[in-house]
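If you read the sequence shown in the working numbering, its first letter stands for residue -9, the second for the next number, and so on. Beta carbons: idealized from backbone N, C-alpha and C, even for Gly. Since we're looking at a predicted model, the values are computed, not measured. To keep things clear, I will list the structure first and then write my remarks on it.
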Amino acid sequence: MEFGVHRVIGVEQDFSEIREATAKENHVVLFVSSGGSSMRINKELTEIAEYSLVLIPRGITVDANPDEQRAFLIIYFSESFFARTEVDTAFLRNFKSFNKNEYTYRTLSVPQEYATYYEFVGMQLKLSKQNYNQAIYRDLAHNIVKQIVLLAAIYADDRQSGELLGQRTNVPLVQRFQELVEKHVKKEKQVAFYADQLNIGSKKLTSLTKETLGTTPKELITKELLRVSKKLLVESSLSIKQVAWELGYADVNNFSTFFLKETALTPSEYRKRWQQ
């Protein structure tokens, strides 16, 4: 559910905003307009040409150059925000430009005419974040971010990364696992439960999800539990204790410990941040 946008000028910037944007779990897209700009990427001062998209994988740090007078736009989003469907997940995880093993960052040239488009995008994402409690703004933000990433794929000539994995024979079983997790995650958080439902062993399920999605069943369960947790915290009026109960936690402290471990925020802190 995490996304955001900031207009960055080194000499004016609140650096906490950049740290938030480039948190470990976020993908980052920078847009550099006329005149270019400079920033620190993985602590190295980097000059970016004008009218560029810069794609930054998760785990790569970006900092403003304190001496820089030229602005750039930073857009960030988490996988849980982007990946609403299996197609979204497959696209994002196969997009080479967001793979830290392939690139520390990747710079793409875009037509000058896109400068106006990205200013518009920045305004709409800010508006969406301010009104995130309304479904129409959540959909707007998701569609804008997805469009930006698809445009990046076109300019990167990496369109094949978006191919569906549905050609693989194991995908229907993995999709069934994901459906079961969505249905039962509030009550069932153990891999063994889902393996039993699918009539396969836990090791086999792990092998299938790693092959198809590049992740483990436990990680997928955690991701879905976190997604539901965040949705309840932001979109419902339930107390933190009630959210914990809704998610199958008899002890609210256990839920808070889980949430803090995964997000570095307490449930209360997260709710306050996203309901501002």
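A distance below 7 Å between beta-carbons, with the five flanking residues on each side excluded, links G0 to the following residues of its chain, in chain order: A54, N55, P56, D57 and E58. Of all alpha-carbon atoms in S99, V233, L82 and E236, the one lying nearest the alpha-carbon of S24 is that of S99. Taken through DSSP and simplified to helix, strand or coil, N91 comes out as coil. With contacts defined as CB atoms closer than 8 Å, L43 and Y184 fail to qualify as a contacting pair. Between the beta-carbon of F249 and that of S227 there is about 18 Å, and that puts the pair past the 8 Å contact cut. In this structure, the alpha-carbon of R217 lies about 14 Å from that of E169.
Within the same chain, G204 come within 6 Å of R83 by CB-CB distance, once the 5 residues on both sides are set aside. The beta carbon of I65 lies closer than 6 Å to those of V(-5) and V19 in the same chain, with the five residues before and after it left out.
R96 is classed as buried because its beta carbon has at least 16 other beta carbons within 10 Å across all chains shown. If you draw a straight line from the Cα of S70 to the Cα of K119, it comes to about 16 Å. Here L63 really is in contact with R(-3); their C-beta atoms are around 6 Å apart, less than 8 Å. In the DSSP assignment, N16 falls within the beta strand (DSSP E) that extends over N16 to V22. DSSP, read as helix, strand or coil, puts D78 in helix. Sequence-distant partners of S258 (beyond 5 residues in either direction) whose C-beta falls short of 7 Å from its own C-beta, in its chain, are I230.
Judged by DSSP secondary structure, S192 falls within the alpha helix (DSSP H) whose first and last residues are S192 to L203. Using a Cβ-Cβ distance cut-off of 8 Å, the stretch 23 to 41 and the stretch 102 to 119 are in contact, since at least three pairs of beta carbons, one from each stretch, lie closer than that value. Judged by DSSP secondary structure, S99 falls outside any alpha helix (DSSP H) and instead within the beta strand (DSSP E) spanning R96 to S99. Less than 8 Å divides the Cβ of L223 from the Cβ of Y260. In this structure, the CA atom of L188 is about 30 Å from the CA atom of F85. If you check the CB distance, L215 and L237 come in under 8 Å. Taken through DSSP and simplified to helix, strand or coil, G25 comes out as coil. For G112, the uninterrupted alpha helix (DSSP H) run begins and ends at Y104 to Q120, by DSSP. From the listed residues R74, E15 and F(-7), the smallest Cα separation to K251 is found for E15.
In the three-state scheme derived from DSSP, where H, G and I count as helix and E and B as strand, S42 is classed as strand. Beta-bridge annotation (DSSP): Y145 is not paired with any residue.
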